[in-house]
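Asks: The structure that follows is given in the form of structure tokens.
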Amino acid sequence: MKSTSKSTSNPTSQLIPLETIEKKIFFIRGQKVMLDKDLAELYGVETKVLKRAVKRNVERFPEDFMFELTEEEYASLRYHFGTLKRGKHSKYLPYAFTEQGVAMLSSILRIE
Numbered sequence: 001m002k003s004t005s006k007s008t009s010n011p012t013s014q015l016i017p018l019e020t021i022e023k024k025i026f027f028i029r030g031q032k033v034m035l036d037k038d039l040a041e042l043y044g045v046e047t048k049v050l051k052r053a054v055k056r057n058v059e060r061f062p063e064d065f066m067f068e069l070t071e072e073e074y075a076s077l078r079y080h081f082g083t084l085k086r087g088k089h090s091k092y093l094p095y096a097f098t099e100q101g102v103a104m105l106s107s108i109l110r111i112e
């Protein structure tokens, strides 16, 4: 039986296969993180909506919860993982969320 995770912000509470989530976890700066665009997709919101919610609640996201990738880090991810081609011409660098950051993000998206 496959493990699954529940998407709490989706009103239909669709189950997301664990394998789908695991493919979106990267190891950056010695930490397991997920990128803003992948989290937005999993939560069923646009990336700009997710980022707006974070900016309104920035005091809840210390550096060990979330950080912005450097150009070099993002270029390296795009080079090593073909799955990151979408958004390669974005004018903003993505945010990376640690496990604690993902939990906090979940709580603020539920509120908003």
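Numbered per this note's numbering, the sequence shown spans residues 1 to 112.
By construction, the Cβ of each residue, glycine as well, lies at the ideal position given by its N, Cα and C atoms.
Just so it is clear, the structure is predicted and the values come from calculations on it, not from any experiment.
Checking the sheet assignment: what are the DSSP bridge partners for Ala96?
Replies: For this step, residue 96 is matched to residue 96 along the sequence shown. According to DSSP, which records beta bridges pairwise, Ala96 is partnered with Leu35 and Phe67.
Asks: In its own chain, which residues sit with a C-beta less than 6 angstroms from the C-beta of Tyr74, not counting the 5 before and 5 after it?
Replies: If you number the sequence shown from 1, residue 74 lands on position 74. Cβ neighbours of Tyr74 beyond the five flanking positions: Leu93.
Asks: Any idea if Lys23 is buried or exposed, counting beta-carbon neighbours within 10 angstroms, 16 or more meaning buried?
Replies: Counted from its first residue, the sequence shown places residue 23 at position 23. Exposed.
Asks: For Asn10, does the three-state DSSP call read helix, strand or coil?
Replies: For this step, residue 10 is matched to residue 10 along the sequence shown. Any reading at Asn10 needs caution, since the residue's pLDDT is 46, under 50, leaving its predicted position unreliable; the model's value is listed next. Asn10 falls in the coil class under three-state DSSP.
Asks: Using DSSP's beta-bridge definition, name the partner residues of Phe27.
Replies: On the sequence shown, position 27 is the one that residue 27 refers to. Phe27 is bridged to Lys32.
Asks: Closest to Phe26 by CA distance: which of Met104, Leu77, Gly101 and Gln100 is it?
Replies: As a working note, residue 26 is residue 26 in the sequence shown. Selected option, being the one with the closest Cα: Leu77.
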